[in-house]
Amino acid sequence: SLTSKNALVTGSTSGIGLAIARAFAAEGANITINGLGDPGEIEKERVAIEADFGVQCRYSGANMLKGEEVTAMVQEAEKAFGSLDILVNNAGIQFVAPIEEFPDDKWEAIIRINLLAAFYAIKAALPGMKARKWGRIINTASAHALVASPFKSAYVSAKHGIAGLTKTVALEAAQHGVTVNAIAPGYVWTPLVEKQIPDTMKARNMTEEQVKNDVLLAAQPTKEFVTVEEIAALSVFLCSDAAKQITGTTLPVDGGWTAQ
Ligand code: NAD
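End of the sequence shown sits at 262 in full-length UniProt numbering; the numbers just go up one at a time, nothing left out.
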């Protein structure tokens with residue numbers, strides 16, 4: 003149970019992050035959610051978490067492109083609930099293009115949201131975790147933290163970077179009761195995957211069905227998409243006391259993709 007723990011999940015207005023936030027709340031943790039989207043829809047999700055699980059849920063609209071906003075989000079979360087025990091760096095975006103045509107601003111935005119924001123959040127959250135001698139940091143990496151695919155140079159670079167950041171901070175935090183791990187999902191059916199289908203169709207000159215079967219699920223031996231609930235369940239386990247010797251890892255949940 004995560005009763006009396008306070009968690010912050012970035013990029014939790016949708017997809018994997020929302021499932022992780024709800025799974026933590028189901029274990030009794032208070033939650034700060036974060037992310038972009040329609041304010042009315044976000045408020046509905048926030049209220050639903052409080053109503054469904056009887057915990058407190060607050061929302062931060064911090065933009066993960068901006069370091070100062072990331073820092074302020076962590077400080078405010080810690081102040082609002084009195085501690086920040088669990089940090090999940092999950093916000094992420096994708097863009098698919100051959101490197102010669104890759105827009106500079108998209109490359110930089112992917113590095114800022116998918117990698118730099120995790121640095122700023124960890125930097126702000128770790129001192130309190132060390133002082134309280136307990137903390138869990140989970141970074142949503144990707145199979146693309148371990149292997150590459152063409153046309154995803156920014157994303158693969160950011161996710162390999164997250165794996166390195168995870169190892170480094172795990173070593174720095176190892177004697178302070180704080181574990182730091184990354185989860186490396188294969189293809190999970192979320193808006194992020196759905197949105198890259200048109201560009202992949204263009205880049206590879208394929209139909210939608212071909213992209214799903216020959217590109218996405220081609221990589222995944224189980225031939226099934228991973229579910230957001232499966233990623234959330236591993237996140238909950240990593241927060242348990244049973245997982246306290248698991249640190250510095252990047253754990254694949256990818257239907258066998260990176261075994262090949
Ligand atoms: P999603 O698009 O459903 O969710 C992304 C979340 O990040 C949303 O809440 C969005 O609002 C938020 N976000 C985006 N830009 C932001 C910004 N500038 N500031 C604050 N929040 C921002 O996607 P998802 O598939 O749930 O992705 C979540 C994480 O999982 C990402 O890091 C992604 O790289 C990773 N991942 C996804 C898959 C997959 O197949 N879906 C596979 C491996 C890794």
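Note that the Cβ used here is the ideal one computed from N, Cα and C, for glycine as well.
List the residues that DSSP assigns as beta-bridge partners of residue i.
i: P187; result: V255
i: I35; result: V11 and Y61
i: N141; result: N91 and A184
i: K228; result: The question names Lys, yet the displayed sequence has Val at residue 228. According to DSSP, V228 bridges with V190.
Report whether the distance from the Cβ of residue i to the nearest heavy atom of the ligand NAD is below 6 Å.
i: E142; result: The sequence given here places Thr at residue 142; Glu does not occur at that position. Flag set: Cβ of T142 near the ligand NAD.
i: G257; result: no
i: N183; result: no
i: A93; result: yes
i: V195; result: yes
i: T229; result: no
i: P254; result: no
i: N207; result: no
i: Y122; result: no
i: P187; result: yes
i: S62; result: no
i: S16; result: yes
i: residue 1; result: Here the chain comprises residues numbered 3 to 262, so residue 1 is not present and cannot be evaluated.
i: T260; result: no
i: G37; result: yes
i: L89; result: no
i: T192; result: yes
i: N65; result: yes
i: G13; result: yes
With distance defined between alpha-carbon atoms, name the residue in the options nearest to residue i.
i: T181; options: P41, G19, V158 and S237; result: S237
i: L67; options: N215, L118, V98 and R60; result: L118
i: S144; options: Y122, P100 and Y189; result: Y189
i: P152; options: V49, E102 and T224; result: E102
i: L89; options: N215, E196, N8 and K204; result: N8
i: Q58; options: G250, E29 and V72; result: E29
i: T168; options: S3, T251 and Q222; result: T251
i: N32; options: R60, A147 and K135; result: R60
i: A205; options: F26, K154 and D243; result: K154
i: Y157; options: V228, V98 and A74; result: V98
i: S159; options: Y122, F26 and A111; result: A111
i: V76; options: A220, A21 and V11; result: V11
i: G19; options: K161, E231, Q177 and F239; result: E231
i: V195; options: D107, F227, V171 and F121; result: F227
i: I115; options: N36, A235, L86 and N207; result: N36
i: D87; options: R138, T34 and G17; result: R138
i: R134; options: E80, F104, T170 and Q96; result: E80
i: A21; options: L240, I233, I248 and G257; result: I233
Shorter than 7 Å from the beta carbon of residue i to some beta carbon of chain C?
i: A25; result: The structure shown has no chain C; it contains just one protein chain.
Segments assigned alpha helix (DSSP H), at least 4 residues, entirely inside the segment 38-117: 41-55, 69-83 and 106-113
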